[in-house]
Structures are given as structure tokens and as C-alpha cells.
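> The structure under discussion is supplied below as C-alpha cells; questions concerning it will follow.
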Amino acid sequence: MAKLVRFGVAMEDTLLQKFDQYIRRKGYRNRSEAIRDLARDAIIQEAWEQEKGEVIAVVAIIYDHEKHGLSNQITDLQHHALSIIVSTLHVHLDERHCLEVVVLRGKSLSVRRLANRLLAIKGVLHGGIVATGVPLTEDFMDDIRSLAKSKLIDKSGT
Ligand code: NI
Numbered sequence: 536m537a538k539l540v541r542f543g544v545a546m547e548d549t550l551l552q553k554f555d556q557y558i559r560r561k562g563y564r565n566r567s568e569a570i571r572d573l574a575r576d577a578i579i580q581e582a583w584e585q586e587k588g589e590v591i592a593v594v595a596i597i598y599d600h601e602k603h604g605l606s607n608q609i610t611d612l613q614h615h616a617l618s619i620i621v622s623t624l625h626v627h628l629d630e631r632h633c634l635e636v637v638v639l640r641g642k643s644l645s646v647r648r649l650a651n652r653l654l655a656i657k658g659v660l661h662g663g664i665v666a667t668g669v670p671l672t673e674d675f676m677d678d679i680r681s682l683a684k685s686k687l688i689d690k691s692g693t
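Residue numbers (the working numbering): 536 to 693.
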């Protein structure tokens, strides 16, 4: 379990007022929890934008399964990306409409590409992507590894 570290933040009073209104609207109990969420979002967003970071994405699409070839196309795309597909949930919403929720995990470039392709399929009526992840990017893990390595070297040198 990571330990909590306290730090001071200085900002303009007008910005703080707006921030307090924002966190009240969002239902946060305190500023710390709101700042932690913003930090996590920023880290995940960066991993999503980088090519090598690992991300998890939840893609939800709604489509009309009676549209010729559409179900096949959606399934086919997934059958060609098995290494990044964790799970797929299919819900028959009514006589025509289906909701498909696909959980992807892998390198952000591949995950982003497949997520966007699913959404862009002609005939998909609505959709969305939630990008998330364990907020430890590969860069972060590299830093930790090199730090551990340098400490070992330091120890052997003294
Ligand atoms: Ni269906």
C-alpha cells in the first residue's frame, strides 16, 4: 500500500473558488480526493496518447444487427485482435438493436486503433470509449527499475 504524502498547493483565489464549486458539483468530499482523481486522469490520458504505454479501454457500441454484414464485421475485427481483447459482452436490447461492450488491454497504439475502428464501422449508431488503466505507465516502471539498479550499483561501490 502506497503511503500518503501531504503537500501544499498554491493557486489564485478565483481559481480555487471555481475548483471548489466543481468538486461540489462532482460530489467529492474534499479537495484531496478531487486532486488525486485529476492526477490519475492525467497519467492515464498520457499513457493513452503515447504509443508504448499500456492502457485498458472499454468500448461500447450500439448497432442494428439486422443491417447486412454488420454483426460479422464487428465480430471479425475482434477475432483478428485476440491478444488485446480481454472480454466481450453482448446485450440484445430489442428486436433490432444490440449493445456490445468490449474490454481491451494492451499497448495504447493497438488498443486505440481497434477502439476507434469499432466506433467508426459504418452502421454503428452510437458508441463511446472509456480509457482507463492502472495508473503506472511503462515509463514509470522503467524509472523504478533504473532506480533499483542504480541503488544496487551504489551499494556495491561503497
Ligand atoms: Ni444482439
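Heads up, the beta-carbon is just placed ideally off N, CA and C, and yes, glycines get one too.
Please identify the residue among T610, K587, V636, H614 whose C-alpha is closest to the C-alpha of V665.
When each option's Cα is compared against that of V665, the closest is V636.
> Roughly how many whole angstroms lie between the Cα atoms of I578 and Q608?
Going by the C-alpha atoms only, they are around 33 Å apart.
> Following a CB-centred definition, is H600 positioned closer than 6 Å to any heavy atom of the ligand NI?
Checking every heavy atom of the ligand NI against the Cβ of H600, one is found closer than 6 Å.
> What are the residues that DSSP puts in a beta bridge with E635?
DSSP lists I596, H625 as partners of E635.
> Is H614 near the ligand NI - that is, is its Cβ less than 6 Å away from at least one heavy atom of it?
Every heavy atom of the ligand NI is 6 Å or more from the Cβ of H614, so no.
> Going by C-alpha distance, which of D548, S567, K553, T667 is nearest V540?
Of the listed residues, the one whose Cα sits closest to V540 is S567.
> Any heavy atom of the ligand NI closer than 6 Å to the CB of H627?
Yes, the ligand NI has a heavy atom inside 6 Å of this Cβ.
> How would you label R647, buried or exposed, when you count the other beta carbons within 10 angstroms and need 16 or more for buried?
It counts as buried.
> Closer than 8 Å is the cut-off here; do at least three beta carbon pairs connect the segment 612-628 with the segment 556-563?
Judged by Cβ distances under 8 Å, the segment 612-628 makes no contact with the segment 556-563, as fewer than three pairs qualify.
> What does the Cβ neighbour count give for L617, buried or exposed, with the cut at 16 atoms within 10 Å?
Exposed, because fewer than 16 other Cβ atoms sit within 10 Å of the Cβ of L617.
> Tell me whether the beta-carbon of E581 lies closer than 7 Å to the beta-carbon of L644.
Going by C-beta atoms, E581 is not nearer than 7 Å to L644.
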